[in-house]
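One structure is given here, and the rest of the page talks about it.
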Amino acid sequence: MDSMTAPSSTLSAPAPIRRDRLTWAAYLALAQFTFFLNIQGNIIPFLKDEFDLSYRVVTLHPAAVAAGLIVSGLIGERLTRKHGRLWSVVVGLAGMAIGALAIIVAPHPVVSILGCFLMGAVGCLVLIIVPNLLADWHGVNSSVAIGEANGISYVASLTAAMAVGLFVAIGFGWRAALLLGVVLAGLLLVFLRGVPMPAAATPAATAGEGGRGGRLPMAYWFYWLAIIAFVGVEQSVLVWATEFLARVKGVPVASAAITAGAFSFGMLVGRLSSAFVLTRMTAARALYLSAIVTLPAFFLFWGAPSLTLAVIGLFAVGLGCALQYPLTLTKAIVTAGPFGELATARGSLASGLSILIIPWAIGALADRIGLSAAISMLPLFTVAAVVFLFAGERAVRR
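Below, the structure written as structure tokens:
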């Protein structure tokens, strides 16, 4: 694998981020992963109708994606370390495309569920590589680069949802949106042929992790717990905001689905503003500020007497949540030192566990105490994340 020289940086004020071809390749690879990851949520209603599935069975599709993330979080780093970054990104993109094709042609839900698992498990190789690659390549600007990558990924997520709606509206059907993703993945694979990627640093052999790559420091695991909490809040709002607006606020279901987009819009604005924010404050300060924004915004959304205030609150929740995952992951990678890809792999494990468990737990709690009371528990996860962040910062300073 060809070596490249990373953009230079100084110990004083960091130079403006350089968005070269490698950077755009990383941004687009992560965006492609996000497109495939999130489009399965948009096609679930169609799979449910075509295969006449119950809610319990149809939710096995997103569960399969999360299970794939967990599996890759456990073993993916060994593959990336053995075969290198370019191989991992290429295989990840190809695996997601194959998984999408399996869903397109699926004659039975077992095939579509396996396709979702493949998208999560193999596609996660992209998720393991890209943040650590950007951290290595951009140095002091790593938080900005990873924040921008996640912002572009959120654009890809919204594009996936719009593509499903558009292709269904014009009569091409939901499969055309998945096929669009396959075509885009193919074009990106062609683009990658001209992009040499720097090899990951080879850490000295250390004990721990069974001798398979080193021991992650205690500070990392505090950030890992913060990732679980932050992702749990983000995914729970994505899953339950529409239902909350419809069942608790009395908004018609169709209008509630549109109104819930205020959260996604807030996330998009927040993630695209990462460069602006991080040139004015440290990542740690930005994370604490995000929690200060998120908590009152959530209660405005939850307790608002009018729909207008609820929408404002929901937008502000998205704005507050936007940088929590990418900045916490960046801090975890930096803390891991030479074990960045192991750190990212375990980070995807944290995301998978959070996506699989926390929104489901909110739903299970809602069956017992009602959705309004259940969703009011989410600020506890934000508070827990702040505690874990503080503990991680203290552990780093020791």
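Numbering-wise, my numbering puts 401 at position 390 of the sequence shown, and it's gapless, one number per residue.
Glycine included, C-beta positions come from ideal geometry on N, C-alpha and C.
Could you please give the first and the last residue of the uninterrupted alpha helix (DSSP H) stretch that includes residue 362? That run of the alpha helix (DSSP H) goes 351–380.
Contacts around residue 283, its chain only, beta-carbon distance under 7 Å, and the 5 residues preceding and following it disregarded: Same-chain partners within the cutoff: 162.
Smallest Cα separation from residue 54: which of 310, 184, 260, 394? Residue 184 is the option with its Cα nearest to residue 54.
Go ahead and pull the three-state DSSP assignment for residue 103. Three-state DSSP puts residue 103 in a helix.
Which stretch, first to last residue, makes up the alpha helix (DSSP H) that contains residue 342? Bounds of the alpha helix (DSSP H) holding residue 342 are 335–347.
What did DSSP end up calling residue 321 once you bin it into helix, strand or coil? Look at residue 321 here: in three-state DSSP terms it is helix.
Leaving out the 5 sequence neighbours to the left and right, which residues in its chain are closer than 7 Å to residue 322 when beta-carbon positions are compared? Only 270, 273 meet the Cβ criterion.
Meets three-Cβ-pair contact criterion under 8 Å: the segment 39–52 and the segment 102–111: Yes: the two stretches touch, three or more of their Cβ pairs being nearer than 8 Å.
Could you give the residue range of the alpha helix (DSSP H) that holds residue 139? From DSSP, the alpha helix (DSSP H) with residue 139 extends over 120–149.
Whose C-beta lies closer than 7 Å to the C-beta of residue 1 among residues of the same chain, with five residues either side of it excluded? The displayed coordinates of the chain run from 12 to 409. Any statement about residue 1 would go beyond what the structure contains.
Run through the segment 266–298 for me and flag every whole alpha helix (DSSP H) of 4 or more residues, listed as ranges in chain order. 272–283, 285–289, all fully within the segment 266–298.
Sufficient close CB pairs (3 or more, under 8 Å) joining the segment 165–178 to the segment 301–308: Under the Cβ criterion (8 Å, minimum of three pairs), the segment 165–178 does not count as touching the segment 301–308.
Given residue 8 as reference, the closest of 390, 199, 74, 58 once Cα atoms are compared: In the structure as shown, the chain begins at 12 and stops at 409. Residue 8 is therefore absent and cannot be evaluated.
Assuming residue 87 contacts residue 134 (C-beta within less than 8 Å), just tell me the rounded distance between them. Contact annotation, residue 87 with residue 134: C-beta distance approximately 10 Å; criterion of less than 8 Å not satisfied.
Please determine, among 193, 239, 384, the residue with the shortest C-alpha to C-alpha distance to residue 359. Checked all of 193, 239, 384; the closest Cα to residue 359 is 239.
Can you tell which of 40, 91, 37 has the C-alpha that lies nearest to the C-alpha of residue 357? Per the Cα distances, 91.
Would residue 165 pass as a contact of residue 403 if the rule is Cβ separation under 8 Å? Going by beta carbons, residue 165 and residue 403 fall outside the 8 Å limit.
CA nearest to the CA of residue 106, picked from 286, 383, 78, 132: When each option's Cα is compared against that of residue 106, the closest is 132.
In or out: residue 32 buried (at least 16 other Cβ within 10 Å) or exposed? Burial call: exposed.
Can you find the residues in the same chain that come closer than 7 Å, C-beta to C-beta, to residue 144, ignoring five residues on each side of it along the sequence? 37, 96, 208, listed in sequence order.
Considering only their Cβ atoms, is the gap separating residue 363 from residue 80 smaller than 8 Å? The criterion of a C-beta distance shorter than 8 Å is satisfied by residue 80 and residue 363.
For the alpha helix (DSSP H) containing residue 30, name the first residue and the last one. Counting along the chain, residue 30 sits inside no alpha helix (DSSP H), nor does DSSP assign it H or E at all.
Whose C-beta lies closer than 6 Å to the C-beta of residue 167 among residues of the same chain, with five residues either side of it excluded? Residues 42, 45, 46 of the same chain have their beta carbon placed closer than 6 Å to that of residue 167, with the five preceding and five following residues left out of the count.
Unbroken stretches of the alpha helix (DSSP H), 4 residues or longer, contained in the segment 168–205: Here the runs fully enclosed are 186–203.
Over what stretch of residues does the alpha helix (DSSP H) that includes residue 89 continue unbroken? Start and end: 71–94.
I think residue 425 touches residue 392, with their Cβ atoms under 8 Å apart; what is that distance to the nearest whole Å? Examination of residue 425 is not possible in this model, given that the chain is present from 12 through 409 alone.
Go ahead and pull the three-state DSSP assignment for residue 63. Reduced to three states, the DSSP call for residue 63 is coil.
What residues in its chain sit with their C-beta under 6 Å from that of residue 62, if we drop five residues either side in the sequence? Around residue 62: 120.
Output yes or no for whether 8 Å exceeds the beta carbon distance between residue 495 and residue 315. For the chain, the structure presents residues 12 to 409; residue 495 sits outside this window and is missing.
Kindly indicate which three-state DSSP category residue 56 falls into: helix, strand or coil? Three-state DSSP puts residue 56 in a helix.
For residue 248, three-class secondary structure by DSSP: Here residue 248 sits in helix by DSSP.
State the Cα-Cα distance for the pair residue 279 and residue 408, rounded to the nearest angstrom. Rounded to whole angstroms, residue 279 to residue 408 spans 33 Å at the Cα level.
Would you mind stating whether residue 298 and residue 400 have Cβ atoms separated by less than 8 Å? Yes. Within cutoff.
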